[in-house]
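A.B. asks: Here the UniProt record's numbering is used: the first residue of the sequence shown is 2, the next is one more, and so on. Glycine residues also receive a C-beta, built at the ideal position from the N, C-alpha and C atoms.
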Amino acid sequence: KYRGIIFDLDGVICHTDKYHYQAWKQVADQLGIYFDETINNRLRGVSRMESFEIILERYDGAMSEEEKERYTAEKNEIYKELLKNMSPADLAPEVKATMDELRERGLKLAIGSSSRNACFILGQLGLDGYFDAVSDGNQITHSKPDPEVFLLAAKLIHEKQEDCLVVEDARAGLMAAKAGGMDGAGIGDASDCELAAYHLKSFEELLEACNS
Ligand code: G6P
Ligand code: MG
Numbered sequence: 002k003y004r005g006i007i008f009d010l011d012g013v014i015c016h017t018d019k020y021h022y023q024a025w026k027q028v029a030d031q032l033g034i035y036f037d038e039t040i041n042n043r044l045r046g047v048s049r050m051e052s053f054e055i056i057l058e059r060y061d062g063a064m065s066e067e068e069k070e071r072y073t074a075e076k077n078e079i080y081k082e083l084l085k086n087m088s089p090a091d092l093a094p095e096v097k098a099t100m101d102e103l104r105e106r107g108l109k110l111a112i113g114s115s116s117r118n119a120c121f122i123l124g125q126l127g128l129d130g131y132f133d134a135v136s137d138g139n140q141i142t143h144s145k146p147d148p149e150v151f152l153l154a155a156k157l158i159h160e161k162q163e164d165c166l167v168v169e170d171a172r173a174g175l176m177a178a179k180a181g182g183m184d185g186a187g188i189g190d191a192s193d194c195e196l197a198a199y200h201l202k203s204f205e206e207l208l209e210a211c212n213s
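1. How would you write the range of the beta strand (DSSP E) that V167 sits in, first residue to last?
2. Just grab the DSSP bridge partners of I112 for me.
3. Counting Cβ pairs closer than 8 angstroms, one from the segment 169-176 and one from the segment 29-49, do we hit at least three?
4. Looking at N171 and the ligand MG, is the gap between the Cβ and the nearest heavy atom below 6 angstroms?
5. From L175 to E67, what distance separates their C-alpha atoms?
6. Quick one: does the C-beta of L123 sit closer than 6 angstroms to a heavy atom of the ligand G6P?
7. Anyone know if the C-beta pair for K109 and G33 falls short of 7 angstroms?
8. In angstroms, rounded to a whole number, what distance separates the CA positions of T132 and G124?
9. Please identify the residue among S116, G127, D193 whose C-alpha is closest to the C-alpha of N86.
10. Answer yes if the segment 20-34 comes into contact with the segment 73-82, meaning at least three C-beta pairs across the two stretches below 8 angstroms, and no otherwise.
11. So, under 8 angstroms CB-CB, L103 and C15 are touching, yes? Tell me the CB distance rounded to an integer number of Å.
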């Protein structure tokens, strides 16, 4: 049925939430802004600057664009330091085995991530060069829920968008898939989302979704 699978990275292939949380928490603390894990969950799939804007909802006062750039750059420095803790051991065997099986079936595999650190994370996980294409936050102007990142991924693997399945842990990502004319499979936080064509309880269930 599908010819290509486009995977979101953070929350699907690996779990970077805790690092995003720790890095944003340091910035929020400096500014005296209340920030917790529930707010952190709203940052899933959202670009770095849009994430900061969500955090700033609880900030009284104005902040110039320059200051925003400075704080988001600082967050990224902290985040990248934390990402150095990641290793191939952070790639679940189930995830790797499932992707290998999909590839054996002849499907093309791509990454469609809002992150500008996608290639660095893939390197940490030992997945350098594993995907047929990587479409990420460095190559797009509109973040999810805009479909740009997924449409680019489909283009890079030379498949029509309707022949691709998107795997996502964020509602914004499933909205992007839909807007791009692609089916979505929701996993983790988004497994119950009504926008998903498949509600995955585990990564392996992707094998059945691709059979149906
Ligand atoms: C992913 C994460 C978001 C993050 C975004 C940008 O979509 O789910 O939480 O804000 O990437 O990440 P970056 O690594 O570019 O700051
Ligand atoms: Mg995600």
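C.D. replies: Walking through what the data contain:
1. Where V167 is concerned, the enclosing beta strand (DSSP E) stretches over 165-169.
2. I112 pairs with F8, V135.
3. With a cut-off of 8 angstroms, the segment 29-49 and the segment 169-176 count as touching, because enough Cβ pairs lie within range.
4. Before going on, a small fix: residue 171 reads as Ala here, not Asn. The answer is yes for A171.
5. Cα to Cα, L175 sits roughly 32 angstroms from E67.
6. Result no, Cβ not under 6 angstroms from the ligand G6P.
7. No, the pair does not count as a contact, with Cβ atoms beyond the cut-off.
8. The residue you asked about is not Thr; residue 132 is Phe in the sequence shown. Our two residues, F132 and G124, have alpha carbons roughly 12 angstroms apart in a direct line.
9. It is G127.
10. The segment 73-82 vs the segment 20-34: in contact.
11. The C-beta distance from L103 to C15 rounds to 17 angstroms, too long to fall under 8 angstroms, and the pair is not in contact.
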